[in-house]
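The block underneath contains the structure these notes are about, expressed in structure tokens.
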Amino acid sequence: MKNIKNTKMELSQETMSVGFVKKVEALSGSSVRRCFQCGKCSAGCPMRSFMDHPPNRIVRLIQLGQWERVLAGRSIWYCASCETCSTRCPNKVDLAAIMDALRKLSWDADGPSKESYVQLANRLFINNIRTYGRQYEMRLAAVFNVKSGQFLKDLMLGPKLLSKGKLKMFHQKNKNLSEIEKIFTRIEEMRKKGEAP
Amino acid sequence: MNGNIAMKNVLDYSYYPGCSMHASAKEYDESTRGLFKSLKIGLHEVPDWFCCGATPAHNVDELLSLALCAKNLELAEQVEGDLAVACAACFSRLKVTQHKLGENDIKRKQVEKAIDAKVSLDKPVKHLLEILAQDFGLERLNAAVEKPLSGLKVAPYYGCLLTRPPDVPELDCVEAPTIMERVIGATGAETVSWSHRMECCGANFTLSRPGVVLKLTGDILASAKRAGADCIVVACPLCHGNLDIRQKEIEEVTGEEYNMPVFYITQLLALAVGVNPGKLGFGSMIVNPTPLLKEKNLI
Chain H
792 MKNIKNTKME LSQETMSVGF VKKVEALSGS SVRRCFQCGK CSAGCPMRSF MDHPPNRIVR
852 LIQLGQWERV LAGRSIWYCA SCETCSTRCP NKVDLAAIMD ALRKLSWDAD GPSKESYVQL
912 ANRLFINNIR TYGRQYEMRL AAVFNVKSGQ FLKDLMLGPK LLSKGKLKMF HQKNKNLSEI
972 EKIFTRIEEM RKKGEAP
Chain U
11 MNGNIAMKNV LDYSYYPGCS MHASAKEYDE STRGLFKSLK IGLHEVPDWF CCGATPAHNV
71 DELLSLALCA KNLELAEQVE GDLAVACAAC FSRLKVTQHK LGENDIKRKQ VEKAIDAKVS
131 LDKPVKHLLE ILAQDFGLER LNAAVEKPLS GLKVAPYYGC LLTRPPDVPE LDCVEAPTIM
191 ERVIGATGAE TVSWSHRMEC CGANFTLSRP GVVLKLTGDI LASAKRAGAD CIVVACPLCH
251 GNLDIRQKEI EEVTGEEYNM PVFYITQLLA LAVGVNPGKL GFGSMIVNPT PLLKEKNLI
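Order-wise, the sequence lines are chains H and U.
Position in the first sequence (from 1) plus 791 gives the number in the numbering used here.
Position in the second sequence (from 1) plus 10 gives the number in the numbering used here.
Below, the structure is given as structure tokens:
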């Protein structure tokens with residue numbers, strides 16, 4: 792058997808998918824290549840026990856061209872954006888921004904991620920802004936339960952919050968609501984023309 | 011004439027409450043207004059502000075997130091005074107937007123196109139804590155205390171977004187902040203030293219994956235109890251929602267009894283400076299704080 796211990800491993804630019812790395816770096820404004828795998832991000836990450844790949848491994852997988860595994864997994868959707876990783880990185884890798892970039896790439900591609908509930912919640916939250924201008928918590932929770940098929944989720948909580956005045960039956964109304972729609976439309980147009988990521 | 015001068019506010023701010031303050035965190039809004047009125051600090055709400063986009067927007071669409079915050083900063087220009095923000099998430103998003111658009115011309119131009127206006131980044135965005143500790147001043151706050159909260163052991167909970175990411179909120183030290191301890195300390199309350207004051211509560215997973223919140227928030231409650239705290243104090247509606255609203259469920263899952271009231275920092279401060287307790291929204295809290303406040307002779 793060949794002794795592989797002292798043989799040099801060679802990785803081509805194609806294997807490492809440098810194109811994808813550059814895309815993530817452009818979107819996030821942070822270097823991916825600078826990570827030297829100290830693991831400090833994962834040590835402080837409150838969500839690591841819920842992730843299939845801890846944060847430092849996410850970066851390593853991207854460095855090695857395994858980005859499809861990252862986008863298909865649930866780790867990126869289980870990041871809470873608490874920014875602990877970015878705060879503690881000794882090499883100034885902004886991992887929280889990299890997570891945002893990876894979620895955007897997965898979101899835009901409507902990719903095969905295993906985590907659908909978080910994506911559904913995000914989608915409803917953003918739709919609420921477009922429709923009402925502000926969050927409308929009651930509708931957010933109700934539509935989430937219907938669309939995720941969890942009709943009984945937090946069933947006991949709703950009436951309690953209503954009685955405490957913490958959930959409103961009606962949404963807040965903005966006089967300038969048409970302006971929010973214009974922002975959404977302009978962004979869509981910019982993307983169609985390739986003027987914005 | 012003299013009377014008029016005495017009635018004049020010592021400080022004036024424009025105010026961005028954020029969505030939660032008008033719904034699930036209404037006691038934060040009520041107590042903030044009560045406290046500021048009592049201290050003669052003016053708060054003037056920005057008309058027709060929009061949602062800042064919070065975490066879900068920047069999670070998948072940075073341009074939308076920046077555009078929503080830039081639009082709010084533009085709306086805030088209508089009202090004079092630095093922009094006071096109560097919610098830690100709104101505060102973080104507005105500060106991040108100012109930071110990113112200030113240093114990145116490409117992003118700034120994209121956002122200007124999206125909101126069809128020049129972005130205005132000059133108005134200082136300040137969290138309530140910053141206003142109280144720095145602009146108003148701790149000595150003055152201390153002097154305004156009518157009912158010292160002595161004997162109350164408080165666990166100040168920062169969560170994620172008041173201090174992180176580094177260089178952005180500029181509120182306090184990113185890993186070892188003391189601003190909450192200093193502000194609460196001015197009322198005579200005792201603050202405990204505890205391990206989980208900056209750990210994440212699970213935030214908006216409360217909707218999509220409540221199991222995550224039960225674990226993370228459960229650890230925070232356990233840590234506060236270990237430290238001997240009577241109550242937890244927060245400055246973020248999401249942290250409050252998780253610690254207060256989900257507490258009963260956490261007790262059921264872990265079998266541990268907490269019965270730990272979770273106050274907004276403005277509720278305790280307003281109580282200390284003599285605002286009528288009936289106007290501080292104690293009745294809206296899920297974990298009833300009345301027994302604790304009675305035991306400590308505070309109401």
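Beta carbons are placed, not taken as given, at the ideal position from N, Cα and C, and that holds for glycine.
Ordered list of alpha helix (DSSP H) runs contained in the region 245–294 of chain U, each at least 4 residues
Counting only runs of 4 or more, we get 247–250, 257–264 and 275–282.
If you measure from the beta carbon of GLU874(H) to each beta carbon in chain U, is any gap under 8 Å?
yes
Determine the chain U residues that contact THR878(H) at a beta-carbon separation under 9 Å, and present them in chain order.
What THR878(H) touches in chain U: THR173, ARG174, PRO175, PRO176, VAL184 and GLU185.
Three or more C-beta pairs below 8 Å linking the region 143–156 of chain U and the region 80–91 of chain U:
no
The region 111–134 of chain U: positions lying closer than 8 Å to chain H by Cβ
ASN114, GLN120, LYS123, ALA124, ILE125 and ASP126
State the start and end residues of the unbroken alpha helix (DSSP H) segment that holds HIS68(U).
For HIS68(U), the enclosing alpha helix (DSSP H) has its first and last residue at 64–70.
How is ALA124(U) classed by DSSP in three states: helix, strand or coil?
helix
Between the CA atoms of ALA67(U) and GLU979(H) - distance to the nearest angstrom:
15 Å
As a quick exercise: from HIS32(U), ALA98(U) and ASN269(U), pick the residue whose alpha carbon is nearest that of PRO179(U).
ALA98(U)
So for HIS844(H), helix, strand or coil by DSSP?
coil
Could you spell out where the beta strand (DSSP E) holding ILE974(H) opens and where it closes?
Where ILE974(H) is concerned, there is no enclosing beta strand (DSSP E), although the alpha helix (DSSP H) it sits in stretches over 968–983.
Identified DSSP bridge partners for LEU93(U)
SER24(U) and VAL135(U)
CB-CB length for LEU131(U) against ALA94(U), believed under 8 Å
With 8 Å as the limit, LEU131(U) and ALA94(U) do not qualify as a contact, their Cβ atoms being about 17 Å apart.
Straight-line CA distance for ILE255(U) to MET838(H)?
21 Å
Distance between beta carbons of SER821(H) and ALA871(H), contact taken as under 8 Å:
No, ALA871(H) and SER821(H) are not in contact; Cβ-Cβ is about 18 Å, not under 8 Å.
Are the region 268–284 of chain U and the region 20–28 of chain U touching by the rule of at least three beta carbon pairs closer than 8 Å?
no
Environment of ALA186(U) [buried if 16+ CB atoms lie within 10 Å]:
exposed
Does the distance from the C-beta atom of ALA199(U) to that of VAL164(U) stay below 8 Å?
yes
Around the Cβ of ALA987(H), are there at least 16 other Cβ atoms within 10 angstroms (buried) or fewer (exposed)?
buried
Determine the contact status of ILE795(H) and PHE60(U), defining contact as a CB-CB distance below 8 Å.
no
Nearest to GLU55(U) by alpha carbon, out of LEU76(U), HIS32(U) and VAL297(U)?
When LEU76(U), HIS32(U) and VAL297(U) are compared, the shortest CA-CA separation from GLU55(U) is found for HIS32(U).
If the cut-off is 8 Å on Cβ atoms, which residues from the region 815–826 of chain H count as contacting chain U, listed in chain order?
LEU818 and GLY820
Please check the pair SER907(H) and SER897(H), which I expect to be a contact at CB under 8 Å, by giving their CB distance rounded to whole angstroms.
Going by Cβ atoms, the distance from SER907(H) to SER897(H) rounds to 12 Å, so no, they are not a contact pair.
Hey, does THR197(U) have any beta-carbon neighbour from chain H nearer than 8 Å?
no
Considering just the uninterrupted stretch of the beta strand (DSSP E) at VAL55(U), what are its terminal residues?
Position check: residue 55(U) holds Glu in this sequence, whereas Val was assumed. First-last of the beta strand (DSSP E) with GLU55(U): 51–55.
Determine the DSSP secondary structure at ALA213(U), reduced to helix, strand or coil.
coil
Heavy atom of the ligand NAD within 7 Å of SER24(U) beta-carbon:
The ligand NAD is not among the ligands present in this structure, which contains no ligands whatsoever.
Cβ distance (whole Å) where ASN214(U) is taken to contact THR65(U) below 8 Å
5 Å
In the DSSP output, which residue or residues are listed as bridge partners for THR201(U)?
VAL164(U)
Between the alpha carbons of ARG207(U) and CYS880(H), how many angstroms are there, rounded?
The C-alpha of ARG207(U) lies about 20 Å from the C-alpha of CYS880(H).
Cβ shell of LYS50(U) (< 7 Å), same chain only, five flanking positions each side left out:
Hits under 7 Å: ASN19 and VAL20.
CA-to-CA distance, GLU90(U) to THR264(U), given in whole angstroms
49 Å
Test: LYS794(H) CB closer than 8 Å to a CB of chain U:
The sequence shown places Asn at residue 794(H), rather than the Lys named in the question. Chain U contact via Cβ: absent.
Can you grab the Cα-Cα spacing for the pair ASN14(U) / LYS47(U), in whole Å?
Because the pLDDT at ASN14(U) is just 48, under 50, the model does not fix this residue reliably, and the value given afterwards should be weighed accordingly. Separation of ASN14(U) and LYS47(U) (C-alpha to C-alpha, rounded to the nearest whole angstrom) is 15 Å.
Would you call the CB atoms of TYR167(U) and VAL283(U) closer than 8 Å?
no
For LEU76(U) and VAL909(H), what's the separation of their Cα atoms in angstroms?
21 Å
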